[in-house]
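>
Residue numbers (our numbering): 203 to 369.
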């Protein structure tokens, strides 16, 4: 059996395992709360991941609404899972007795178990975006993002206009 095809297959598998995973951009919508005008918001791959981040890093988000294109940077903080109040173990004992139709009965029960796992928490963050040009317009947004990079947000324009985000 020729060794060349096996070596080539092994090399291809090795290269594939080292290749970065491609993640698509997250696309959502933005709505002007006053007029109802809709636009799009696009987060580049990795923009919705938790990181300490460089506040002066490159733009990772684009917003298009009302004939304006805003470019900016989203930054998210790590969410904190709720700690079980019982310290991780539940225990209970119950005793009882009763009488029905002249018959007396007694009973007891014991429970030992762990509490349910805490739910995933939302990551909070913000987005600052602006238009290009001599008189840039700005949007400042607060974001809430789940573990699947879906989320919501509220934005305010430099003129006081309110917007809502869904992605």
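Virtual Cβ for every residue (Gly too), placed ideally from N, Cα, C.
On a predicted model such as this, the values are computed, not experimentally measured, just so you know.
Measure the Cβ-Cβ separation of residue 264 and residue 249 and say whether it is below 8 angstroms.
No.
> What are the residues that DSSP puts in a beta bridge with residue 263?
Looking at the DSSP assignment, residue 263 forms a beta bridge with 245, 274.
> When the Cα atoms are used, what is the spatial distance from residue 329 to residue 363?
Each residue's Cα considered, the two are about 16 angstroms apart.
> In or out: residue 271 buried (at least 16 other Cβ within 10 Å) or exposed?
Per the 10 Å Cβ criterion, exposed.
> Can you tell me which residues form a DSSP beta bridge with residue 225?
Residue 225 pairs with nothing; no bridge assigned.
> What distance in whole Å lies between the Cβ atoms of residue 344 and residue 356, which are believed to be in contact at a cut-off of 8 angstroms?
With a Cβ gap of about 6 angstroms, residue 356 and residue 344 count as contacting.
> Note down the Cα distance separating residue 349 from residue 308, rounded to an integer number of angstroms.
So the two alpha carbons sit approximately 49 angstroms from each other.
> Contact between the region 324-341 and the region 275-282 is defined here as three or more beta-carbon pairs at a separation below 8 angstroms; is this criterion met?
Enough Cβ pairs lie closer than 8 angstroms, so yes.
> Do you know whose CA, among 281, 352, 303, lies nearest residue 247's CA?
Looking at the Cα atoms, 352 is the closest of the given residues.
> Tell me the DSSP secondary structure of residue 239 in three-state form.
In this structure, residue 239 counts as coil in the three-state DSSP scheme.
> For residue 245, which of 257, 236, 230 has the nearest alpha-carbon?
Looking at the Cα atoms, 230 is the closest of the given residues.
> At the level of alpha carbons, what is the spacing between residue 273 and residue 333?
Their Cα atoms are separated by approximately 6 angstroms.
> So for residue 331, helix, strand or coil by DSSP?
Residue 331: strand per DSSP, three-state reduction.
> Where do the ends of the beta strand (DSSP E) carrying residue 359 lie?
Per DSSP, residue 359 belongs to the beta strand (DSSP E) from 353-359.
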